[in-house]
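J.:
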Amino acid sequence: MCGIAGIFEYSHSKKVSLNELTKINDYMQARGPDGSGIWINQDGFLGLAHRRLSIIDLSENANQPMHEGDLSITFNGEIYNYKKLRDALIEKGCHFKTTSDTEVLLKLYQLHGVAMLSHLRGMFAFAIWDEKNKILFCARDHFGIKPFYYSDNGKSFYFASQVKALLQSSTIDTSPCAAGQVGFYLLGSVPEPYTMYEGIQSLPAGHYFVVHTNGQRESKAYYSVKSAFIDAEQNPLSDFSLTENLYDTVKHHLVADVDVGVFLSAGIDSATLVSVASELNHKKLHTITLGFEEYKNTQKDETVLAFMIAKLFQTEHKNSWITELLAKEHFQKIMDAMDQPSIDGINTYFVSLIAKQAGLKVALSGLGADEIFAGYPLFSRIPKMLRYLKPLSFLPGLPVSFRKMTYKKLNKKQASLIEYSCDMPRAYFLSRAIYFPWELNQFLEPDVIKKGLAQLNLLERFKSDIEGIQSKQFQISALEMQWYMRNQLLRDSDWASMANSLEIRVPFVDVDFFENCVGAMATQSVTKKILARAPHRSLPDSVINRKKTGFNIPIKKWYGTEYIAQKRGR
264 MCGIAGIFEY
274 SHSKKVSLNE
284 LTKINDYMQA
294 RGPDGSGIWI
304 NQDGFLGLAH
314 RRLSIIDLSE
324 NANQPMHEGD
334 LSITFNGEIY
344 NYKKLRDALI
354 EKGCHFKTTS
364 DTEVLLKLYQ
374 LHGVAMLSHL
384 RGMFAFAIWD
394 EKNKILFCAR
404 DHFGIKPFYY
414 SDNGKSFYFA
424 SQVKALLQSS
434 TIDTSPCAAG
444 QVGFYLLGSV
454 PEPYTMYEGI
464 QSLPAGHYFV
474 VHTNGQRESK
484 AYYSVKSAFI
494 DAEQNPLSDF
504 SLTENLYDTV
514 KHHLVADVDV
524 GVFLSAGIDS
534 ATLVSVASEL
544 NHKKLHTITL
554 GFEEYKNTQK
564 DETVLAFMIA
574 KLFQTEHKNS
584 WITELLAKEH
594 FQKIMDAMDQ
604 PSIDGINTYF
614 VSLIAKQAGL
624 KVALSGLGAD
634 EIFAGYPLFS
644 RIPKMLRYLK
654 PLSFLPGLPV
664 SFRKMTYKKL
674 NKKQASLIEY
684 SCDMPRAYFL
694 SRAIYFPWEL
704 NQFLEPDVIK
714 KGLAQLNLLE
724 RFKSDIEGIQ
734 SKQFQISALE
744 MQWYMRNQLL
754 RDSDWASMAN
764 SLEIRVPFVD
774 VDFFENCVGA
784 MATQSVTKKI
794 LARAPHRSLP
804 DSVINRKKTG
814 FNIPIKKWYG
824 TEYIAQKRGR
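Position 533 of the sequence shown, counted from 1, bears residue number 796 in our numbering, the numbering being contiguous throughout.
1) Put Lys-574 into one of helix, strand or coil per three-state DSSP.
2) Applying the 10 Å Cβ sphere with the 16-neighbour rule, what's the burial state of Thr-790?
3) Would you kindly check if the distance between the Cβ of Asp-773 and the Cβ of Arg-403 is under 8 angstroms?
4) Can you list the beta strand (DSSP E) stretches of 3 or more residues lying completely in the region 484 to 534, in chain order?
5) Hey, how far is the Cα of Ala-491 from the Cα of Lys-820?
6) Distance check for Glu-283 and Tyr-290, CA to CA, integer angstroms please.
7) Taking the alpha carbon of Ile-319 as the point to measure from, which residue in Lys-347, Thr-365, Asn-288, Leu-348 has its own alpha carbon closest?
8) Of all the options Phe-338, Thr-552, Ala-268, Gln-595, which has the alpha carbon lying nearest to the alpha carbon of Val-567?
9) Quick check: is the beta carbon of Pro-646 nearer than 8 angstroms to any beta carbon in chain D?
10) Check whether the region 498 to 516 touches the region 603 to 617, taking contact to mean three or more Cβ pairs, one atom from each stretch, closer than 8 angstroms.
11) Got a sec? Which residues, its chain only, sit under 7 angstroms from Lys-619 by beta carbon, not counting five neighbours each side?
12) Among the candidates Gly-356, Glu-331, Thr-361, whose CA atom is the shortest distance from the CA of Tyr-345?
13) Checking 8 angstroms against the spacing of the C-beta atoms, do Pro-410 and Ser-432 come in under that value?
14) With a 10 Å radius around its C-beta and 16 neighbouring C-beta atoms as the bar for buried, classify Pro-798 as buried or exposed.
15) Does the Cβ of Met-668 have 16 or more other Cβ atoms within 10 Å, making it buried, or fewer, making it exposed?
16) Run through DSSP, which three-state label would Gln-603 get?
17) What does Val-474 pair with, by DSSP beta-bridge criteria?
18) If you reduce the DSSP assignment to three classes, tell me which class Phe-338 lands in.
19) Taking the alpha carbon of Leu-429 as the reference point, which residue from Gln-444, Gly-417, Tyr-413, Ala-442 has its own alpha carbon closest?
20) Please give the ranges of any alpha helix (DSSP H) in the region 611 to 661, keeping only runs that are unbroken, at least 4 residues long and fully inside the region.
21) DSSP state of Thr-561, grouped into three classes?
22) Taking Cβ to Cβ, would you say Pro-770 is nearer than 8 angstroms to Val-537?
23) Taking the C-alpha atoms as reference points, what is the distance between Leu-719 and Gln-464?
24) Starting from the C-beta of Asp-564, find all residues in its chain whose C-beta is less than 6 angstroms away, skip the five residues before and the five after it, and write them out in chain order.
25) Where does Cys-265 fall in DSSP's three states?
26) CB of His-405 to nearest heavy atom of the ligand ZN: below 7 angstroms?
27) In whole angstroms, give me the CA-to-CA distance for Tyr-471 and Ala-484.
28) Could you tell me the alpha carbon to alpha carbon distance between Ser-760 and Lys-489, rounded to whole angstroms?
29) So for Tyr-372, helix, strand or coil by DSSP?
30) Please go through the region 380 to 450 and give each complete alpha helix (DSSP H) segment of 4 or more residues, from N-terminal end onward.
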């Protein structure tokens with residue numbers, strides 16, 4: 264995993280500023296402390312930059328930007344099937360100078376052009392400059408694991424792995440984005456493709472675009488989570504082995520030339536990964552668990568059960584306690600690292616910090632299992648809302664009246680149950696909302712609220728993202744993967760890990776694993792408990808039957824109102 268950046272002066276009104284590109288690249292130093300590279304093409308109108316965290320092919324030959332004939336690339340991520348692709352390319356007569364996955368991407372583009380994307384299994388964001396055709400080809404992985412932000416002012420095209428990196432350029436439009444602001448207050452994260460700035464957007468997951476020398480930009484989707492669910496319902500898998508698919512994805516995610524660890528909690532997801540990875544890994548597996556002083560000897564303390572799991576699978580285990588003092592010591596570092604506002608990610612920051620201190624560059628996370636295998640309470644709650652409360656939602660005046668009458672007696676979500684139970688988009692919004700539209704005037708001006716709500720058009724986007732999917736469980740899963748997982752969990756994992764120069768890999772968020780699992784789930788039950796029994800060495804009942812608690816941290820005690828006010832007053 265690395266940091267990428269680039270500038271394309273397609274109007275030819277000026278040449279790429281080496282100083283400007285260097286500033287953008289240097290801001291991402293934590294993403295790639297092992298190396299830095301900048302390349303500007305011969306005519307001076309295109310520049311690529313790269314910060315390297317060396318994980319596959321540790322030699323200098325794999326440094327970036329990398330070149331192959333008329334092609335140059337800057338690439339962030341990992342291609343997990345690169346060895347298989349490399350062998351196939353060699354059979355076709357290709358010759359390689361490195362053992363890196365980056366060179367595989369260049370060779371694939373030479374042979375297939377943009378169609379190369381259909382061959383990739385991994386997490387990635389990259390840009391390829393095609394000197395012969397004078398085009399910049401940019402792409403992002405299927406699920407949006409790796410970030411790709413860009414800005415186009417009508418003369419110049421900028422891109423980088425971080426929003427704050429792009430802000431190092433004085434040419435970026437930094438006026439506030441209404442949709443980004445409203446989206447954050449509604450959902451707790453900034454929904455793609457928006458950011459907090461009008462001049463910066465995110466390339467959507469599963470998309471690519473080509474930028475031409477006249478500034479024309481053609482954006483296209485090459486993958487759709489919604490389409491995968493629809494295809495699963497129309498063409499279900501009859502021959503499916505969860506064990507086989509689980510071992511396959513973990514095996515691919517263990518590919519590295521450095522040690523790989525696992526973030527271990529007391530939950531099914533991470534424990535399943537530990538069981539499989541400890542069997543597949545040639546070296547003793549490293550596991551990392553966080554404990555919090557405030558949770559010692561309570562139900563929220565995961566360290567005891569995590570230690571038992573680590574002992575069972577004979578891992579090299581490290582348990583670290585996060586104190587209030589340490590949390591406050593890192594507060595400003597966390598705020599600086601948080602690329603966009605989020606209500607989450609602090610837990611991932613600290614577990615990444617501990618993993619880095621343990622000498623790791625790569626760690627596996629159980630992120631994504633809940634979204635695929637219906638692990639959250641909302642998977643059972645939403646269908647009940649639609650079944651029992653939907654008729655009441657159509658009674659004239661009742662939904663709003665009920666909310667206004669009960670708002671002070673009930674919590675706001677309970678008071679809004681009838682108002683948001685008429686269909687799946689509204690029920691999902693109720694389940695994930697942090698604030699409701701009628702609360703936004705506490706934070707934003709009326710014109711910003713009006714503009715932001717219109718731009719976001721959330722309920723229509725939710726509707727579009729599940730249109731054609733029949734199963735209620737699949738509808739919720741599709742929304743979770745395209746909104747909560749993508750805009751919050753994956754994004755927070757990226758900034759929080761990269762701030763500590765650590766690569767997080769997510770074996771459950773794998774295109775092959777996902778498609779095979781949902782293909783089977785269209786006709787058979789595949790639950791979290793079944794997942795827990797899929798490894799050759801099944802998890803103990805104490806883990807399987809443990810009530811789900813989530814990855815809780817005592818954030819209110821650490822960073823209460825008084826502490827935040829004190830920090831702002833400095």
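We put the beta carbon where it would ideally sit given N, CA and C, even for glycine.
Note that the coordinates shown come from a computational prediction; the quantities given were computed from them, not determined experimentally.
T.: Well, looking at it:
1) For Lys-574, the secondary structure class from DSSP, reduced to helix, strand or coil, is helix.
2) It counts as exposed.
3) Cβ atoms of Arg-403 and Asp-773: not closer than 8 angstroms.
4) If we require 3 residues or more, the beta strand (DSSP E) runs fully inside the region 484 to 534 come out as 523 to 526.
5) 42 angstroms
6) 11 angstroms
7) Thr-365
8) Thr-552
9) Going by chain labels, chain D is absent from the structure shown, which holds only one protein chain.
10) no
11) Same-chain partners within the cutoff: Asn-763, Ser-764, Leu-765.
12) Thr-361
13) no
14) buried
15) exposed
16) coil
17) Leu-399, Arg-480
18) strand
19) Tyr-413
20) 632 to 635, 641 to 651, 653 to 656
21) Coil.
22) no
23) 14 angstroms
24) Tyr-558
25) strand
26) Summarising the ligand content, the structure contains no ligands, and the ligand ZN is consequently not present.
27) The straight-line gap from Cα to Cα measures roughly 6 angstroms.
28) 28 angstroms
29) helix
30) Runs found: 426 to 429, 441 to 450.
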